[in-house]
Structure formats: C-alpha cells, structure tokens
Ligand code: 16G
Ligand code: ZN
C-alpha cells in the first residue's frame, strides 16, 4: 500500500509547469532546466518502483542534457544492468511526467504498482537509487528534487554520488549489482590497469618503436575534461594535454565538444593554427561521445574528422586481428564478431567493414537500439557516427577467453602469440565500458591501438575516405507523420514519399538519402550522401523539399 498522503504532499511541492509535453524519448527527459523540477521529482519515484520491481537492485539516475546548451538539463534512468531503462517502462515514464495534478499522479502510480505487482514497504528490502549529475549549475537543485521523489516512497534510499560522467554512473550501477567494487576510484583503477595491460602487450619491434606523441583533448567545458584530468595521473605511456575543462571560463558545449566538432567539422574554441597536424579528441558534455580530429592546414578552421564510424573501424580491425590469432578451429568454436551501425553511418565505412569480411547490421538511431543488437554477438561493436559506441563481450565468450588464458598459461604457453591475443581481448573487455559508450575508455582504447599499430592519426584516417554528406532538419507541423522501417533507411509514411526520394537518389552517383523523425527535437531529419559535396547538398535539399 503506498502512502498516498505523503506522496500527495511531496508532489504538491513540484507543480507541473503549464504547456510542457514531455516524452522520455531516445535519451530520457530533456528541456529547459527551469521547467524540469517536477519531472525529475517524478522520475525519482519511478526509479524506486523500478528498483522494487527488480528485487531492490540498485538503479541509477543521471542528471544531464549531454551536448545541449548549459541552460538545459535532463534526466535518464540506468537500469540495474547499467543499460538504459527498459523500453517497456517508457510509456509509464511519459504518463507520470505529464500528469497534470498530484491526484492524477498518485492514481497513475497506484494503477501501475498494481499492474506490475510491485511490493512497497517491505522493511527488509529497501530500494536503492544512485544519483549522479554533470557540471550544469542547475544539477544540484534538480538532484534535490530527485532525492525528494525517491524519498517519498517508503523504505527507499537515495545516494548522491556527486558529479560524474554519464558512463561512470552506468558503470558504477552495473558493478554494484554484480557485487563488484563500484566506487569512482574503482572505475579509474579499472581503466588504468587494463590500459597498462594493453600497453605491456604491444609488440616491440626494436627499431620502429613509436615515440608517443601528445594527444590534445577538448573536454567540452564539462565533466569529461575534469575526469580525464583526474585520471591522467595514473596513466603512463600517454601524453595528454587537456583543454576546455570548464575551469578557465569557457561555457559548456559552446563552440566546443564532440557534437559541435562532428556537426560543424570546424575546430573547437581553444584550438588553433599552432595545433596543425596534431592528434586531437573531443568529448561531449557528459562524456559518452568521442570523436577525433586533426587540423590539416593553417589556412582554414576546417578539421579532418574521425567520427564514430572511423573509431568503429579501428576497433574492429584490432579485435579481428586478435581473433585471427586464436587457434579456435581446433576447439570447434567459431567466434562471432559483429558490428552495428545506424543509417547515419557513412556508406564508405560500411563498405570498408564489409570488405574486412565483417558482419554489419543496422539498428534504429539511439543507443538502446544499437546496444541490443550488439549484445547478440560474442563480440559486438556498435557506434553511431556521432561518436557514441562501445564493444560488448558476451558472458559466455568472455568466460571462454578467461579459461583459455589460464589453460595456455598452465601449458607453459604464456608467451605465445595466442596467449597474447587472448590477454588483449580480456583487457579490452575490462577497459571498454560494457554498460554504455564511454569517451574516457574510448580514448584509452584508441590510443593504445594506435601505439600497437604504430599509426599516426593521419594513417588511421586513411582506412577509407568518407563520402561527402549533408544533414538538414526540417520543421514540420507533425513529425510523427513520418514513419520509417525499423532500420530507418526507408519511409513508410507519408505514402508515396519513399518513391519520390528514390527518384531523387537515382540522379546522383553513389547517392543515398533517408528521412526520419527526430527523437529529441520537433523536426524531421534529412540525411544525404553522394560522390561530391555539391551532389550531397543538392540531394539533401531536394529531399527536404519533399518533406515540407
Ligand atoms: C540521443 C541518443 C543518441 C542519438 C540522438 C539522436 C542516447 C543515449 N542518445 O542523443 O544516441 O544519436 O539522440 O537524436 O540514446 P535525434 O533523434 O534528435 O536525431
Ligand atoms: Zn552525451
């Protein structure tokens, strides 16, 4: 039985602002921070119910609006697995966020609790919710609202773990529920020790030992820059210069960060002609996205971008090289490596991956969709072009690797190529965040692979050449009028539009285009690529005309 009186009382503290219609969307609730208190309070309640539903497992709440402007904020739920909130609960999230009165809120909660058979108030099992936030100034008061929401359900505990990156919170929640060490320090230690392990496994070929060149990091003036600074002390074999940490007056995400660099393809603030040719990395505002770039010439502010697709290709090459060194035919065990992309992946990257003989599958935009597909492989690598991605190892494959490692050691083959390959794979599984894409672990893996290959950023960039592309957003009265196939490559509605898009595509060599309703903004997005920039622009424009 929920304590109606106390819920009613606390929800009266957080009246819902007029005229906002909220949707949990692809990345939780987002919006102007000033309008979000009631939403965050309500998600606090939801997180307790989620925990109780799952046997009082720890649930996480992250207060962030990622790459959006500093005056925005948002909230998303980490399930006990460290993944995104189960999609089955999203409609309930939408309902309670939009409930117009405390009475309506309470009755929605009662109904849901009954339907889901959630037991409230059992003394021995209390729900536990871990709260994290990024560096946004509005984060602190929103965190208090979440605490009140959590506390309004009997027998629940909210724990404030402070300012964190989004992937840190997901990592900690996952570790906690697996019974592993789960503090921020444990997170850092895990990163530095698995990085060290991969460095030690770099083949030394005497004469061509690569000198370690400096990496310039753009921290988006957010939490990622600060955390990578904290991590730096425990890393050897890596020379980092961190800019845009937010401590020098820069504004979060303004002219900086992974989203800016990836969309605009120009250099972020704090970078200039003195950095020509240097290897640079940009994180986004909550450090779950990563892109690399370099400045090709002094005469322009354009950058050469190495996006999520290119990071994916680098990771795939390295993993494949290790898998090839396994003697696993004998075991009758064929390891399955798969990669997952979205429709936004540059066509040249998909061609490149297929030429490597890799199994490439497509998922709908949004991390949860890619993650789900990647989890079907023994090793699944997923990336969005915008720089969000990671590498998932299945439990069964990982335990096979670990026993293989031991078996080889016991047989006295600890120094064999096979043993090294197995050890590298195990280290990668520790380094790379198994819960969500993580710019910090991503940087470390890119850096160690480049050292392993002996590659410069330019050499890496030559893996393939991106096809020119263009993205446009079109404002429409109702974006839900556009309905796509599950991979978003074709529009099913409005009727007839796909035929018209296809006729446009036919006019351009290597042409490809699609439309989809945004999950985060009230617009329809258009993507086009073709063999020249002019052609890609023109294709995008004519498709946009069809949408209007
Ligand atoms: C969210 C998604 C991101 C996706 C983007 C697309 C998560 C954590 N984030 O930021 O993966 O690329 O939305 O936005 O899932 P759009 O639907 O507005 O194009
Ligand atoms: Zn982000």
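Residue numbers (the UniProt record's numbering): 3 to 550.
Glycine is no exception: its CB is placed at the ideal position from the N, C-alpha and C atoms.
3 or more residues per run - each beta strand (DSSP E) lying fully within the region 294-351: 306-308 and 339-343
Would you mind listing the alpha helix (DSSP H) stretches within the region 66-148 that are 4+ residues and don't spill past its ends, in chain order? Listed in chain order, the complete alpha helix (DSSP H) runs (minimum 4 residues) inside the region 66-148 are 92-100 and 104-117.
Collapsed DSSP secondary structure at residue 291 in the structure displayed: For the purposes of this step, residue 291 is taken as the residue at position 289 of the chain shown. Three-state result, residue 291: coil.
Between the alpha carbons of residue 209 and residue 453, how many angstroms are there, rounded? Reading the chain shown from its first residue, position 207 is the one you call residue 209. Reading the chain shown from its first residue, position 451 is the one you call residue 453. Because the pLDDT of residue 209 is 48, which lies under 50, any placement of that residue in the model is unreliable, and the question is left without a value.
What three-state label does DSSP hand residue 167 in the structure shown? Counted from its first residue, the chain shown places residue 167 at position 165. Three-state result, residue 167: coil.
What is the rounded straight-line gap between the Cα of residue 289 and the Cα of residue 254? Reading the chain shown from its first residue, position 287 is the one you call residue 289. Reading the chain shown from its first residue, position 252 is the one you call residue 254. Taking the straight line joining both Cα atoms gives about 12 Å.
Indicate, with yes or no, if the ligand 16G has a heavy atom lying under 7 Å from the CB of residue 141. To locate residue 141, count along the chain shown from 1; it is residue 139. Because no heavy atom of the ligand 16G lies under 7 Å away, the Cβ of residue 141 does not count as near it: no.
Residue 492 beta carbon near the ligand 16G (any heavy atom closer than 7 Å): Counting from 1 along the chain shown, the entry for residue 492 is found at position 490. The closest heavy atom of the ligand 16G lies 7 Å or more from the beta carbon of residue 492.
In chain order, what residues of the same chain lie with their CB nearer than 7 Å to the CB of residue 432, ignoring the 5 residues before and after it? Stepping through the chain shown from its first residue, residue 432 is reached at position 430. Cβ neighbours of residue 432 beyond the five flanking positions: 192 and 196.
Based on the DSSP output, what are the partners of residue 153 in its beta bridges? Here residue 153 refers to the residue found at position 151 of the chain shown. DSSP lists no partner for residue 153.
Suppose you measure from the CA of residue 311 to the CA of residue 466; what does that come to, to the nearest Å? As a first step, residue 311 must be located in the chain shown, where it is residue number 309. As a first step, residue 466 must be located in the chain shown, where it is residue number 464. Looking at the two C-alpha atoms, the distance is approximately 10 Å.
Helix, strand or coil for residue 7, going by three-state DSSP, please let me know. Taking the chain shown and counting its residues from 1, one reaches residue 7 at position 5. Assignment of residue 7 by DSSP, reduced to helix, strand and coil, places it in the helix class.
Taking DSSP as the reference, what is the three-state secondary structure of residue 474? By 1-based counting over the chain shown, the position of residue 474 is 472. Correct three-state label for residue 474: strand.
Could you tell me the alpha carbon to alpha carbon distance between residue 391 and residue 439, rounded to whole angstroms? For the purposes of this step, residue 391 is taken as residue 389 along the chain shown, with counting starting at 1. For the purposes of this step, residue 439 is taken as residue 437 along the chain shown, with counting starting at 1. The alpha-carbon atoms of residue 391 and residue 439 are separated by roughly 4 Å.
Give a yes or no on whether the C-beta atoms belonging to residue 284 and residue 270 are separated by under 8 Å. Numbered from its first residue, the chain shown carries residue 284 at position 282. Numbered from its first residue, the chain shown carries residue 270 at position 268. Yes, these two residues count as a Cβ contact at 8 Å.
Excluding sequence positions up to five away, which residues of its chain have a Cβ less than 8 Å from the Cβ of residue 332? For the purposes of this step, residue 332 is taken as residue 330 along the chain shown, with counting starting at 1. Since pLDDT at residue 332 reaches only 46, below the 50 mark, its modelled position is unreliable, and the value read off the structure follows with that caveat. The answer is none, since no qualifying residue turns up.
Pairs of beta-carbons, one from the region 408-418 and one from the region 127-139, closer than 8 Å: are there three or more? no
With a 10 Å radius around its C-beta and 16 neighbouring C-beta atoms as the bar for buried, classify residue 386 as buried or exposed. As a working mapping, residue 386 is identified with position 384 in the chain shown. Classification for residue 386: buried.
The beta strand (DSSP E) that contains residue 526, what's its start and end? Numbered from its first residue, the chain shown carries residue 526 at position 524. Here the beta strand (DSSP E) through residue 526 covers 526-531.
Can you give me the Cβ contacts of residue 533 inside the same chain, cut-off strictly under 6 Å, excluding the 5 residues immediately before and after it? By 1-based counting over the chain shown, the position of residue 533 is 531. Hits under 6 Å: 511 and 512.
Suppose contacts are defined by Cβ-Cβ distances below 8 Å. Is residue 423 in contact with residue 474 by that definition? The residue given as residue 423 occupies position 421 in the chain shown. The residue given as residue 474 occupies position 472 in the chain shown. Contact: no.
Same chain, Cβ closer than 8 Å to residue 96, five either side skipped, listed in chain order: For this step, residue 96 is matched to residue 94 along the chain shown. The residues are 24, 25 and 26.
Less than 8 Å between the beta carbons of residue 132 and residue 62, yes or no? For the purposes of this step, residue 132 is taken as the residue at position 130 of the chain shown. For the purposes of this step, residue 62 is taken as the residue at position 60 of the chain shown. It is a contact, given that the beta carbons lie within the stated cut-off.
Helix, strand or coil for residue 484 per DSSP? Here residue 484 refers to the residue found at position 482 of the chain shown. If DSSP states are grouped into helix, strand and coil, residue 484 belongs with coil.
Would the beta-carbon of residue 17 fall within 8 Å of that of residue 37? Translated into positions along the chain shown, residue 17 becomes position 15. Translated into positions along the chain shown, residue 37 becomes position 35. Contact flag unset, no.
Heavy atom of the ligand ZN within 7 Å of residue 259 beta-carbon: Position 257 of the chain shown, counted from the first residue, corresponds to residue 259. No, since every heavy atom of the ligand ZN falls outside the 7 Å radius drawn around the Cβ of residue 259.
When every heavy atom of the ligand 16G is checked, does at least one fall within less than 7 Å of the C-beta of residue 527? Here residue 527 refers to the residue found at position 525 of the chain shown. Yes, the Cβ of residue 527 comes within 7 Å of a heavy atom of the ligand 16G.
Residue 189 in three-state terms, based on DSSP: For the purposes of this step, residue 189 is identified with residue 187 of the chain shown, where counting begins at 1. Three-state result, residue 189: helix.
Given 8 Å as the limit, is there contact between the region 231-240 and the region 457-471, that is, 3 or more CB pairs closer than that? no
Is it right to say residue 417 is buried, meaning 16 or more other beta carbons lie within 10 angstroms of its own, or is it exposed? Here the question's residue 417 lines up with position 415 in the chain shown. Classification for residue 417: exposed.
I'd like to check one pair, residue 134 with residue 166: are the Cβ atoms closer than 8 Å? In the chain shown, counting from the first residue as 1, residue 166 sits at position 164. In the chain shown, counting from the first residue as 1, residue 134 sits at position 132. Yes, Cβ-Cβ distance for residue 166 and residue 134 is below 8 Å.
Cβ of residue 370 versus every heavy atom of the ligand 16G: is any distance shorter than 7 Å? Here residue 370 refers to the residue found at position 368 when the chain shown is read from its first residue. Yes; taking the cut-off as 7 Å, the Cβ of residue 370 has a heavy atom of the ligand 16G nearer than that.
With respect to 7 Å, is the separation between the Cβ of residue 477 and the closest non-hydrogen atom of the ligand 16G below this value? Indexing the chain shown from 1 puts residue 477 at position 475. Not under cutoff, so the answer is no.
Exposure of residue 229, with buried meaning 16 or more beta-carbon neighbours within 10 Å: Working through the chain shown from its first residue, we reach residue 229 at position 227. A residue is called buried once 16 or more other Cβ atoms fall within 10 Å of its Cβ, and residue 229 is buried on that count.
Does residue 441 come out as helix, strand or coil in the three-state DSSP assignment? Residue numbering aside, residue 441 sits at position 439 when the chain shown is read from its first letter. Helix.
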